[in-house]
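Counting in my numbering, the sequence shown runs from 8 upward without gaps.
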Amino acid sequence: MGARKVIGWAIRARALVLVLSAVLAGASVAEEAAAYQEGRHYVRLPMPVETRDPDRIEVVELFSYGCIHCFNFDPAVERWLETVPDDVDFHRIPAVFNAYWAALAQAFYTAELLDVMGEVHTPIFEGVHVYRLEMNRAELLARLFEREADVDREEFLRVFGSFGVQSRVRKADASTRMYRATGVPTMIVNGTYRIETDMAGGQEQMLDVVDYLVATIRAAE
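This is the structure:
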């Protein structure tokens, strides 16, 4: 083979490699952009729900202490929270689908008002799903709060039955309806997008979709 033919072949081969690389790179970008699709991996709410801090991107976990899937999901959420940037406002809203869950929602907001969520969050979950206790009973919850967070029984019962807690439970129920959630755990991003386990392909995959939507919202601001 002559020198000119060798050089010509080498030039054509290099050009082909560059073209293929460009095609593959373009395909990779397109694949990444299409990784999560509206209507398939998440849905847009018919009407946006007001967020509590308009200066941050809100992420809500709809959950219940009475939900075994939420209990199993909780460690992944806690790990994810360690990576959340400051412009993301995460908080939980307890779903109120029945009277039992309503009592557990009361326990959630009692913990918030008494500022002992860190001490009792996991023990409430464990009381329901590990020890199979009737955690909707006020006296049983009072003992748990006293044991885990040194909350006086009378103080617990006062807050647990207070108007403030009842108002928060009603607001949580209204929020669940506005989000059009029919099950938990469900993630809501910026009052606009709803992500469900089946849509995302799994519990931890929901957090991947959350990250994608947060990044998309951030890039658009």
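All C-beta atoms, glycine included, are put in the ideal place defined by N, C-alpha and C.
Go ahead and pull the three-state DSSP assignment for residue i.
| i | result |
| --- | --- |
| Arg99 | strand |
| Met142 | coil |
| Phe104 | coil |
| Arg160 | helix |
| Arg59 | coil |
| Tyr43 | coil |
Classify residue i as buried or exposed, calling it buried when 16 or more other Cβ atoms lie within 10 Å of its own Cβ.
| i | result |
| --- | --- |
| Pro82 | exposed |
| Glu65 | buried |
| Ile131 | buried |
| Ser35 | Note that Ser35 has pLDDT 42, beneath the 50 cutoff, so the model's placement of it is unreliable and no number is given. |
| Ile202 | buried |
| Glu146 | exposed |
| Tyr200 | buried |
What are the boundary residues of the alpha helix (DSSP H) that residue i is part of?
| i | result |
| --- | --- |
| Thr183 | Phe170 to Met185 |
| Arg201 | Where Arg201 is concerned, there is no enclosing alpha helix (DSSP H), although the beta strand (DSSP E) it sits in stretches over Tyr200 to Glu203. |
| Val257 | Residue 257 is absent from the structure shown; the chain starts at 8 and stops at 228. |
| Thr129 | Met124 to His136 |
| Val91 | Counting along the chain, Val91 falls outside any alpha helix (DSSP H), and DSSP gives it neither H nor E. |
Comparing alpha-carbon positions, which option in the options lies nearest residue i?
| i | options | result |
| --- | --- | --- |
| Ser174 | Leu121, Tyr219 and Tyr116 | Tyr116 |
| Pro101 | Ile202, Val191 and Ile224 | Val191 |
| Tyr72 | Arg59, Val50, Glu133 and Val84 | Glu133 |
| Glu68 | Phe80, Asp62 and Leu121 | Phe80 |
| Glu211 | Arg144, His98, Ser169 and Val84 | Val84 |
| Pro61 | Val196, Tyr138, Val50 and Cys77 | Val196 |
| Val127 | Phe163, Asp96, Gly208 and Phe97 | Phe163 |
| Tyr49 | Met213, Thr223 and Asp180 | Met213 |
Considering only the beta carbon of each residue, do residue i and residue j sit closer than 8 Å?
| i | j | result |
| --- | --- | --- |
| Arg184 | Leu52 | no |
| Arg225 | Asp94 | yes |
| Ala156 | Val123 | yes |
| Ile121 | Gly171 | It should be noted that the sequence gives Leu, not Ile, for residue 121. Cβ atoms of Leu121 and Gly171: not closer than 8 Å. |
| Val216 | Tyr43 | yes |
| Phe167 | Gln113 | yes |
| Ala109 | Val56 | no |
Along the chain, where does the beta strand (DSSP E) that runs through residue i open and close?
| i | result |
| --- | --- |
| Leu69 | Ile64 to Phe70 |
| Arg193 | For the sequence presented, residue 193 should be read as Thr rather than Arg. Start and end: Thr193 to Val196. |
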